[in-house]
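> Questions regarding the structure given below will be posed in turn.
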Amino acid sequence: MKRLEFNENQKLADVLRAISEELDKEIEIFVQPGSDILKISTNIEVIGSLAESLGKKVVIKGDFEEVPKESATKEKEENLGFVEGKDVATQEEVPVKKTRLPSFLKLPPLRFPKGRKRIYILAGALVATVVILFSVVWFVPKASVTLVAETQFKEAELSLIASSSSEEVDIDKGIIPLKVLDNTQEDVLEAKATGTKTVGTAATGRVRIINRTSNPKTFFKGTTIKKLSGEAITFTLENTATISASPNGCIDDCKETAANVTATKIGEKGNLLAGTKFQVGSVVNTAEVVAEALTNFTGGSSKQLTVVSSEDQKKTKEELLKKLEKAAVEELEKDNPDITVPEGGLEAEVLNEVYSKKAGEEADDFRLSLQIKFTAKVFSEEDLKDVLINSISSTIPDDFTVDRENSSVESEILEGKTDDLKIIGKIKASLVPDLDINKVKAKIVGKDFSGTDQYLKSLNSISGFEIKISPSFFRLLGIMPFSKSRIEIKLTQEN
1 MKRLEFNENQ
11 KLADVLRAIS
21 EELDKEIEIF
31 VQPGSDILKI
41 STNIEVIGSL
51 AESLGKKVVI
61 KGDFEEVPKE
71 SATKEKEENL
81 GFVEGKDVAT
91 QEEVPVKKTR
101 LPSFLKLPPL
111 RFPKGRKRIY
121 ILAGALVATV
131 VILFSVVWFV
141 PKASVTLVAE
151 TQFKEAELSL
161 IASSSSEEVD
171 IDKGIIPLKV
181 LDNTQEDVLE
191 AKATGTKTVG
201 TAATGRVRII
211 NRTSNPKTFF
221 KGTTIKKLSG
231 EAITFTLENT
241 ATISASPNGC
251 IDDCKETAAN
261 VTATKIGEKG
271 NLLAGTKFQV
281 GSVVNTAEVV
291 AEALTNFTGG
301 SSKQLTVVSS
311 EDQKKTKEEL
321 LKKLEKAAVE
331 ELEKDNPDIT
341 VPEGGLEAEV
351 LNEVYSKKAG
361 EEADDFRLSL
371 QIKFTAKVFS
381 EEDLKDVLIN
391 SISSTIPDDF
401 TVDRENSSVE
411 SEILEGKTDD
421 LKIIGKIKAS
431 LVPDLDINKV
441 KAKIVGKDFS
451 GTDQYLKSLN
461 SISGFEIKIS
471 PSFFRLLGIM
481 PFSKSRIEIK
491 LTQEN
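Right, here's the structure in full:
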């Protein structure tokens, strides 16, 4: 139950207003001593009548006027529903005597005009409704029409001249202005070494050379002896060996001499055992001359190292050169957004080239520091595109035009001189329908879907279309928007 308090300065109107505005259905009204509100029985009747009309239960507490017994009895008989100092909510409900509300609480009666005035009002309302409906249909619906065209391209090549003496493009003669720009780039690239090299020592030993012929033999220092059996391992004499003639048919008393030998190749394979037989020099017949190891050959060893090869250096330089070339082109095009560098239009001059390891030097990896000055012969991509588009304009199908933005061009230098370049230009032109969008809008604005469908299908350059209406419930009307500004047309190509 909501409690509302009123002081001696507040009036009946304040009480009635508070009851009307209060949302609670059960209200306790407390009037402070000194107020005349509850001393007038009519006020209590008014409060009770208002509470009943609003469907609310009211308990009144405060300074009631002391009235004669007869009056009290009369009031009780009149079933006002209130007793001084008692909670009427706990009492048995007694009908409250109907009392008229004050005039300021009554609403004026609603009277609808009659006669002509009534007709005018109805007509005005009808016109307003029509205007509102017309405005909604005119301004609210929106159509998005997507026209789909088959993807078509036109490719062509044209030989033309880029000239440094020309300041403007000559479309008819195929001449475009040429510029020469410089750019310097430097960088360091680290690479893995992949070369291999075998290092070690050659085996050495001592042999005796036997001469079984009747003629003296001399074998000079550096003469090669070759192992007779198995792998042909060779050695060289470290000193000149001279052997006297032997008696005919000698066996054990043949003449011989000793000499030191060294293997021609490094490695353990040269460590041969004593007694190994060798061919001496060019004497193939071992029955005449033969060499034999006097001791085990020793000292032969080898191991394989990873080294920087010439091929490693070459590949690393090519890779770094491409990286610097790409950086130069990007920087040139960034500083000159309208230019294109043709294939072969970049010349490189090495300013500095330093390898951290020489070719053949042992290493797992190495670094190359490279500084290059690039000279670029460039021209405007738009100039090139102008000339190439002009060259194919007469071969473009009817109802199509070149989509310049989505067309790509390339160029390659055929011949180069100081002032002029003969280049081959290539174009891949994207073809799109040559449509007047405003004309299309004018043809479909306000049309029903059937007429719109028929018109769009009649466009030769269009392979398909899609229409979206928003808000979607306007599609039930079956017509396109009545305002061209509410129609959006987009053109796309099939992938």
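Everything in the sequence shown is counted per full-length UniProt numbering, starting at 1 for the first residue and increasing by one.
We put the CB at the ideal spot given by N, CA and C, even for glycine.
For clarity, every value in this text was computed on a predicted model and none was experimentally measured.
1. My output table needs one value for I119: the three-state DSSP class, helix, strand or coil.
2. Going by Cα to Cα distance, which pick from R17, T201 and K317 is closest to A263?
3. Can you name the start and end residues of the alpha helix (DSSP H) that residue 497 belongs to?
4. Should S49 be labelled buried (16 or more other beta-carbon atoms within 10 Å of its own) or exposed?
5. Distance check for K61 and K2, CA to CA, integer angstroms please.
6. Taking only the alpha-carbon atoms, compute the straight-line gap between F379 and K357 and give it to the nearest angstrom.
7. Would you report the Cα separation of N352 and T196, rounded to the nearest angstrom?
8. Identify every run of the beta strand (DSSP E) within the stretch 273-329, keeping only runs that are complete inside it and at least 3 residues long; order them along the chain.
9. Which residues does DSSP pair with N260 in a beta bridge?
10. Run through DSSP, which three-state label would D448 get?
11. Quick one: residues in its chain with C-beta nearer than 8 Å to the C-beta of A149, no 5 flanking neighbours on either side, listed in chain order?
12. Consult DSSP for K173 and reduce its assignment to one of helix, strand or coil.
13. From this set, S302, K192 and F6, which residue's C-alpha is nearest G367's C-alpha?
14. Keeping to the same chain, check which residues put their C-beta closer than 7 Å to that of T295; ignore five residues upstream and five downstream.
15. Would you list the residues sitting across from F474 in a DSSP beta bridge?
16. Does DSSP put V131 in a helix, a strand or coil?
17. Out of D436, Q304, V409 and N438, state which residue places its alpha-carbon closest to the alpha-carbon of I424.
18. Tell me whether V46 sits in a helix, a strand or coil according to DSSP, three-state version.
19. What does DSSP give as the partner residues of D365 in its beta bridges?
To lay it out plainly:
1. Against the sequence shown, residue 119 aligns to sequence position 119. In this structure, I119 counts as helix in the three-state DSSP scheme.
2. If you number the sequence shown from 1, residue 263 lands on position 263. Cα-wise, what sits closest to A263 is T201.
3. Outside the displayed range of the chain (1 to 495) lies residue 497, so it cannot be described from this structure.
4. Taking the sequence shown and counting its residues from 1, the one referred to as residue 49 is at position 49. The residue is buried, with at least 16 neighbouring Cβ atoms inside 10 Å.
5. Within the sequence shown, residue 2 is the residue found at index 2, counting from 1. Within the sequence shown, residue 61 is the residue found at index 61, counting from 1. Going by the C-alpha atoms only, they are around 13 Å apart.
6. For this step, residue 379 is matched to residue 379 along the sequence shown. For this step, residue 357 is matched to residue 357 along the sequence shown. So the two alpha carbons sit approximately 41 Å from each other.
7. Position 352 of the sequence shown holds residue 352. Position 196 of the sequence shown holds residue 196. Between N352 and T196, the C-alpha separation is close to 27 Å.
8. 277-280, 289-293 and 301-307
9. For this step, residue 260 is matched to residue 260 along the sequence shown. DSSP, once it has assigned bridges, lists R206 as partnering N260.
10. Within the sequence shown, the letter at position 448 stands for residue 448. Looking at D448 - three-state DSSP - the assignment turns out to be strand.
11. To locate residue 149, count along the sequence shown from 1; it is residue 149. Correct list, in chain order: V432, P433, S461, I462, S463, L491, T492, Q493 and E494.
12. Position 173 of the sequence shown, counting from 1, holds the residue named residue 173. Looking at K173 - three-state DSSP - the assignment turns out to be coil, as it is neither helix nor strand.
13. The sequence position of residue 367 within the sequence shown is 367, counting from 1. Reading off the sequence shown, one finds Arg at residue 367, where the question assumed Gly. Comparing Cα positions, the closest option is K192.
14. Within the sequence shown, residue 295 is the residue found at index 295, counting from 1. Counting only Cβ-Cβ distances below 7 Å, and skipping sequence neighbours, we find G205, R206 and A274.
15. Counting from one through the sequence shown, the residue named residue 474 turns up at place 474. DSSP output for F474 lists no bridge partner at all.
16. Taking the sequence shown and counting its residues from 1, the one referred to as residue 131 is at position 131. Looking at V131 - three-state DSSP - the assignment turns out to be helix.
17. Within the sequence shown, residue 424 is the residue found at index 424, counting from 1. Here the closest residue by C-alpha is V409.
18. In the sequence shown, the residue the question calls residue 46 occupies position 46. It is helical.
19. Sequence index remark: in the sequence shown, residue 365 carries index 365 (1-based). Per DSSP, K192.
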